[in-house]
Amino acid sequence: MRSFIFALCLVGLVAPPVAAAPVDLIVVDKSRRVMTLWAGKKPFKTYRIGLGGNPVGHKEQEGDSRTPEGRYIIDGKNPNSSFHLSLRISYPNKKDRAAAAKRGVSPGGWIMIHGTPGTLATLQSVGVMRDWTAGCIAVTIPEIEEIYRVVRIGTPILIKP
Numbered sequence: 007m008r009s010f011i012f013a014l015c016l017v018g019l020v021a022p023p024v025a026a027a028p029v030d031l032i033v034v035d036k037s038r039r040v041m042t043l044w045a046g047k048k049p050f051k052t053y054r055i056g057l058g059g060n061p062v063g064h065k066e067q068e069g070d071s072r073t074p075e076g077r078y079i080i081d082g083k084n085p086n087s088s089f090h091l092s093l094r095i096s097y098p099n100k101k102d103r104a105a106a107a108k109r110g111v112s113p114g115g116w117i118m119i120h121g122t123p124g125t126l127a128t129l130q131s132v133g134v135m136r137d138w139t140a141g142c143i144a145v146t147i148p149e150i151e152e153i154y155r156v157v158r159i160g161t162p163i164l165i166k167p
């Protein structure tokens, strides 16, 4: 029954589920390649994700293709993203900027949760191509539509190694 409802969601006949309580936390587990939305202290939904092309370790500078690690917030939404829709993560924070300045490099920025276009989504969904972004967190187009709808600006995000 669940797969039947999911199929109806994909063709637009039924709206995807909405959290009973507002999403109050996003937890990303980089090593497991999953992102879980939490609502009211309970997991609402978990998604398979793609990361930056050099996924191990914390983002240290612009161009390193790493996804940051640590505590941030969702500080913006972009309905006109090149990757369909996107949610901006508050990287770099004060600590990230200071560490980059100490090394004499730019920390980079514009780290997003965003959709995965066409062929890449198919490859990502079957595990052929997992990590392809410049440091962002990628999900499928239907998933980013759901995430975009249920996550508010100001929602905390914890990105674990």
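If you use the numbering used here, the sequence shown closes out at 167, no skipped numbers anywhere.
Where is the CB? At the ideal position from N, CA and C, for every residue including glycine.
Please list the segments of the alpha helix (DSSP H) lying wholly inside the region 78-158, counting only runs of 4 or more residues, in order along the chain. 100-109, 124-131, 147-156
When DSSP labels each residue in this structure, what does Val17 get in the three-state scheme? As a working note, residue 17 is residue 11 in the sequence shown. Note that Val17 scores a pLDDT of 48, beneath 50, so its modelled location is shaky and nothing firm can be said.
Helix, strand or coil at Lys65 [DSSP, three-state]: As a first step, residue 65 must be located in the sequence shown, where it is residue number 59. If DSSP states are grouped into helix, strand and coil, Lys65 belongs with coil.
Which of helix, strand or coil does DSSP assign to Ile55? As a working note, residue 55 is residue 49 in the sequence shown. The answer is coil: DSSP assigns Ile55 none of H, G, I, E or B.
So if DSSP puts Asp35 in a beta bridge, which residue, or which two residues, is it bridged to? Position 29 of the sequence shown, counting from 1, holds the residue named residue 35. Val40, Lys166.
Under the three-state reduction of DSSP, which class applies to Lys47: helix, strand or coil? On the sequence shown, residue 47 is found 41 positions in, with the first residue counted as 1. Reduced to three states, the DSSP call for Lys47 is coil.
For Ser37, collect the residues of the same chain with a Cβ closer than 7 Å to its Cβ; drop the 5 residues on either side in sequence, then sort them by chain order. By one-based count along the sequence shown, residue 37 stands at place 31. Closer than 7 Å at Cβ, skipping near neighbours: Pro167.
Tell me which same chain residues have a C-beta within less than 8 Å of the C-beta of His90, skipping the five on either side of it? Residue 90 sits at position 84 when you count from the first residue of the sequence shown. Correct list, in chain order: His120, Gly121, Pro123, Ile147, Ile150, Glu151.
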